[in-house]
Every structure is written in structure tokens, then in C-alpha cells.
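Structure, as C-alpha cells:
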Amino acid sequence: ISLPNFGDERAIADTIRMSTLSVPVLIQAYPDELTKMDVGKRRDSFCGKLSVCSNLKQYGIPFSLTELHTVSLSSKDFLSDLDWFMGVCRVVKGLSQARIGAIGARTTPFKTVRFSERLLEDAGISVETTDLSELTMAVEKLKDSDKEVQNKLKALTSYCPTGKVPNSSLLKMAKLAVVLNRWIKENELDACALRCWPELQNSLGIFPCAVMSMMSNSLLPCACETDVMGAIAMYVLQLASTLPAGLFDWNNNYGTDPDKLILFHCSNLPKTMLNTCHMEYNAIDARARGTDENSY
31 ISLPNFGDER AIADTIRMST LSVPVLIQAY PDELTKMDVG KRRDSFCGKL
81 SVCSNLKQYG IPFSLTELHT VSLSSKDFLS DLDWFMGVCR VVKGLSQARI
131 GAIGARTTPF KTVRFSERLL EDAGISVETT DLSELTMAVE KLKDSDKEVQ
181 NKLKALTSYC PTGKVPNSSL LKMAKLAVVL NRWIKENELD ACALRCWPEL
231 QNSLGIFPCA VMSMMSNSLL PCACETDVMG AIAMYVLQLA STLPAGLFDW
281 NNNYGTDPDK LILFHCSNLP KTMLNTCHME YNAIDARARG TDENSY
């Protein structure tokens, strides 16, 4: 909605309602100029925008605003507003028919990741599930010489330095990546959440972090610990920014500074968010087990 002057608040609200369009709305109003404030030249868009917003609020029509209350369409400020609003449009469109994968039950100790599939469905977001055992069985059936597996192995070792990670672990990761990608493609998913511990370490002897990092880095968000809402949040951030997204825990205070904190998560962040990266064992798991075996 562009207001060059006060406008017709009722007509604007009625037009949007009768169009039956359910799309994002941005409201822009032109600024007045101090040298053109007589009755014949002033715009009154400032006041008109307030009235339009009031009407849309009464009609239950969601809307977005520019950073400045009045702004010219030719200004850099409005270009910035438009860029931001395009992100809003991508998010609204993307979530309206989003499909999220949930692999395995939620990680048992963490009730913080609970969610309602029915509430998500009301918002147009579908959740497709599969049991973790289906994943591990499919991994075990793949041969080391499988062409897809070998291609994934090359992609994995090219993605980041693998250091002293055993080749057997890298092969398992490559197989896991193949199985995940197949399932995601078959179900036409936009993002997924995976039960990443403790079963995968006991059954496959690996952590899926590097595979999940590669997925997120290629704009297919993958969240830890079957955190479906976290996966949706990553998808939203990706849609808004057109860049890979990651999740962190608000993990530690920063000394005595109340305005700082330390963000932390295991190791599934997309590498575009890091200055440098390399692959090694999961130190937290290795400490708990007393060995780095099955912790790569």
C-alpha cells in the first residue's frame, strides 16, 4: 500500500478484504516537505497511514511497516525496507506449505523440544516422521563401493579437513548422508530434525554432525535432537536471509557482563558460519564414555 496523500482508509481495507488475497502487506507513506505545507500541496500521508493501520487492525489483516513512518519510494531507506519485506514474503510463502522431517523420537532427556503436530498443521506445516531404526538399517544395507556412497565420501572429505578421523567412520557418515538425502527427496522435505544421540553412536559408531552441517550449508536445514521447532526456526532464518542458518544454545554467562553471553552447540553448524573448521571426535561424548571410540 502506497500513500501519496491521506488516502481512503475504508477503501484500502475493503479492497484487501474483498480480494480474498492472503499475502503480506507493506504500508508506505510519502513524507511531507517543509516548503510545501500549504493546503494545496501538503500530503497528510503521516496521518493517513495511522488511519489505514487502524482499519487493517480492526479487519484482522496483518501488515508490515517501513522503518521510518514516512519514506520516499526513491530513497535508500525504502530500498532497505523493501529488501526486508521480501524476506517476510519468502518466509510467509515458505511456511504456508512447509514439510518438515522428524527422524526418531525426541531426545529423551529434553522435553524442551516437545511440539504439537496438529498446531503446526493448522498453520500449513506438515511433519513427516520415520523411526531411527529405519535409518540405521538402510545405512547398514549400503555397500562401501556404492557409487552414491563414494561420491558422498568425496564430498565429505572436501567439505572440511577430516584429520585423524578413521576411514571406517567417514564411510558410515557417507552412507548416512545417502540415506538421509534419499528420504528427504522422497518426502519432498524443506528441513528436518534428527535424533542424533545416543543410538547412532551405539549402532553406527558415529555422530551425524558433519553430515547435518553439510545439509544445512546446502540450504537444507537439519536440527539436532529431533528439535522440529528448531528446524522450522532454521528454515525461517534461511528464507529470510537466503543464507544457511544454524542453532545455538544460550549456554554461558560472560563473566560479570550482563549484556554478553556465550553461544554454543555441538558441531552441526554450516561451515559458512565459521572462520575455520575441521572434523574430529565429539569431546563431550568422549568424556562421558571415557574414550573417543564411536565419538567421531
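Residue numbers for the sequence shown follow my numbering, so the first one is 31 and each next one is one higher.
The C-beta atom is built at its ideal place from N, Cα and C for all residues, glycine as well.
In the structure shown, the three-state DSSP call for Leu224 is strand. Separation of Gly124 and Asp68 (C-alpha to C-alpha, rounded to the nearest whole angstrom) is 46 Å.
Within the stretch 123-181, complete alpha helix (DSSP H) segments of at least 4 residues are found at 147-152, 162-171, given in chain order.
For Pro288 against Leu249, the beta-carbon gap comes to about 36 Å, at or over 8 Å, which does not count as contact. Three or more Cβ pairs closer than 8 Å define a contact, and the stretch 182-191 meets that threshold against the stretch 234-253. With a 10 Å radius around the Cβ and a threshold of 16 neighbouring Cβ atoms, Gly193 comes out exposed.
Counting only runs that start and end inside the stretch 192-271, the beta strand (DSSP E) elements of at least 3 residues fall at 221-224. Contact annotation: the stretch 255-268 touches the stretch 207-227, with at least three C-beta pairs closer than 8 Å. Its chain contains Ser243, Ser246, Asn247, Pro274, Gly276 as the residues whose beta carbon lies nearer than 7 Å to that of Pro300, once the 5 sequence neighbours on both sides are disregarded; these appear in chain order. When Leu150, Asn217, Leu234 are compared, the shortest CA-CA separation from Gly131 is found for Asn217.
A residue is called buried once 16 or more other Cβ atoms fall within 10 Å of its Cβ, and Arg148, having fewer, is exposed. Where Leu291 is concerned, there is no enclosing alpha helix (DSSP H), although the beta strand (DSSP E) around it starts and stops at 287-294. Here the stretch 36-52 makes contact with the stretch 86-93; the two share three or more CB pairs at distances below 8 Å. Excluding sequence positions up to five before and after Asp322, its CB lies within less than 6 Å of the CB of Tyr311, Ala316, all in the same chain and listed in chain order. In this structure, Val118 places its C-beta atom within 8 Å of the C-beta atom of Ser94. The Cβ neighbour count for Gly37, taken over all protein chains shown within 10 Å, is at least 16; the residue is labelled buried. Nearest to Ile236 by alpha-carbon distance, out of Leu64, Ser49, Ala221, Ala207, is Ala207.
In the three-state reduction of the DSSP assignment, Leu33 falls in the strand class.
Secondary structure at Tyr189: helix, using DSSP grouped into helix, strand and coil. Excluding residues up to 5 positions away in sequence, Ile31, Ile46, Leu86, Ile91, Pro92, Phe93, Ser94 lie with their Cβ nearer than 8 Å to the Cβ of Val55 in the same chain.
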